[in-house]
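Structure first, then comments.
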Amino acid sequence: MKSGTVSKSDAFSTDDPAMACGVVESTSSSDWTLVREDNFNWNGGIDPTKWEFDVGGHGWGNNEKQFYTNNRQENTRCELFPGSSNGRLIIEARREQMENCEFTSARLKSKVKWTYGRLQIRAKVPDGRGLWSALWMLPEKATHSSVCWPDNGETDLMEQVGYDLLRIHSTVHTQAYNHMKGTQKGLSIIVSDAVSNFKIYTLNWNPNKIEMYAGDDTNPFANHIFTWNKEGDRTQWPFDKPFFIIMNIAVGGIWFGYMSTI
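Going by the numbering used here, the final residue of the sequence shown carries number 733, and the count climbs one at a time with no gaps.
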């Protein structure tokens with residue numbers, strides 16, 4: 472993730488401060504085997520057997536302005552669609568005081584870790600200036616270096632910031648390539664209905680490359696975002712061990728804070 476600041480007047484102006492999503496680690500293709508899915512098909516809290524929470528308000532290395540809460544339904548909950556048995560996970564950023572922070576939100580982590588395969592997340596991203604939504608992965612353990620980040624890798628399947636609502640970013644970070652050095656590897660595309668409709672964000676990961684896409688139910692691979700091919704040593708490719716999934720909405724960040732002035 473990137474780092475940042477945001478002014479009190481920035482964070483946040485919003486029409487919809489929530490991200491809604493569902494998670495599937497598979498595809499409908501017969502070439503793949505479903506190993507896990509979570510469709511959030513109920514009303515209430517998050518299943519603690521599948522998900523846990525990062526909690527706190529210390530900026531998270533990015534000068535973020537929110538306090539991440541622990542399974543608090545004001546910030547994260549499951550809801551059925553009206554008149555349907557289908558559900559969704561909602562992550563909601565709120566303007567409210569908690570400890571030393573003026574905002575609250577949630578950051579979920581999967582308890583399941585995995586190496587290689589396909590991850591698909593169906594999500595509708597928030598419409599809010601000053602917000603920073605992300606679907607990403609970090610390693611379970613620091614195995615390549617005692618420095619967990621960036622030496623052991625980070626994969627950002629989808630990041631979206633409030634000053635450029637329809638631009639979807641996909642990025643990898645490693646010891647050699649990371650935002651602290653300004654060398655991170657990634658690309659972005661415009662997804663014209665990212666805020667108004669659920670899109671499918673796909674990550675294909677094998678021992679030789681990582682591919683990321685944005686699409687929909689008709690064609691999940693309609694828009695290729697970025698591919699990172701294995702090259703060099705572990706300073707460039709640490710993606711050979713278990714990673715876990717993170718879903719969150721942050722408030723603020725230098726990456727976009729200076730561009731969010733109203």
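We treat Cβ as the ideally placed atom computed from N, Cα and C, and that holds for glycine.
- For the pair of segments examined, the region 581-590 was found to touch the region 709-728: the number of CB pairs separated by less than 8 Å reaches three.
- Between Asp622 and Gln646, the CB-CB gap stays under 7 Å.
- Taking the CA atoms as reference points, Ser581 sits about 25 Å from Cys572.
- Boundaries of the beta strand (DSSP E) harbouring Asp598: Asp598 to Arg600, taken from the DSSP string.
- Just so you know, the alpha carbons of Asn690 and Asn675 end up roughly 15 Å apart.
- Judged by beta-carbon spacing, Ile720 lies within the 7 Å limit of Ala564, meaning their Cβ atoms are closer than that value.
- No residue range can be given for Trp513, since it is assigned to no beta strand (DSSP E) and is classified by DSSP as neither H nor E.
- Taken in chain order, the whole beta strand (DSSP E) runs of length 3 or more contained in the region 604-635 are 625-632.
- By the 16-neighbour rule on beta-carbons within 10 angstroms, Met683 is buried.
- When Cβ pairs closer than 8 Å are counted between the two stretches, the region 662-677 is seen to touch the region 630-640, the count reaching three or more.
- Non-local C-beta neighbours of Arg578 in its own chain, meaning closer than 6 Å and more than five positions away in sequence, comprise Asp525, Tyr539 and Asn719, ordered along the chain.
- Between Arg705 and His615, the C-beta gap is smaller than 7 Å, which places the two residues in contact.
- In this structure Gln631 is buried. Its beta-carbon is surrounded by 16 or more other beta-carbon atoms within 10 angstroms.
- In terms of Cβ geometry, Asn512 and Gly554 do not form a close pair [threshold 7 Å].
- Contact check for Ala489 against Pro597 passes: the beta carbons are separated by less than 7 Å.
- For Asp509 and Ala491, the gap between their C-alpha atoms comes out near 13 Å.
- Secondary-structure assignment with DSSP links Ser641 through a beta bridge to Leu658.
- Excluding five sequence positions before and after Asn668, the CB atoms of its chain that fall closer than 8 Å to its own CB belong to Lys595 and Asp687, given in chain order.
- Taken atom to atom, the span from the alpha-carbon of Asn533 to that of Trp699 is near 24 Å.
- Sequence-distant Cβ neighbours of Ile561 in its own chain, meaning closer than 8 Å and more than five residues away, are Ala489, Met490, Ala491, Thr547, Arg548, Cys549 and Glu550.
- Counting only residues of its own chain and dropping the five nearest sequence neighbours on each side, Ala605 has a CB closer than 6 Å to the CB of Glu630 and Asn719.
- For the region 689-718, not one full-length alpha helix (DSSP H) segment reaches 4 residues or more.
- Annotation: Lys521 to Phe715 spans about 11 Å, alpha carbon to alpha carbon.
- Ranked by Cα distance from Glu625, the first of Ile717, Thr673 and Trp531 is Ile717.
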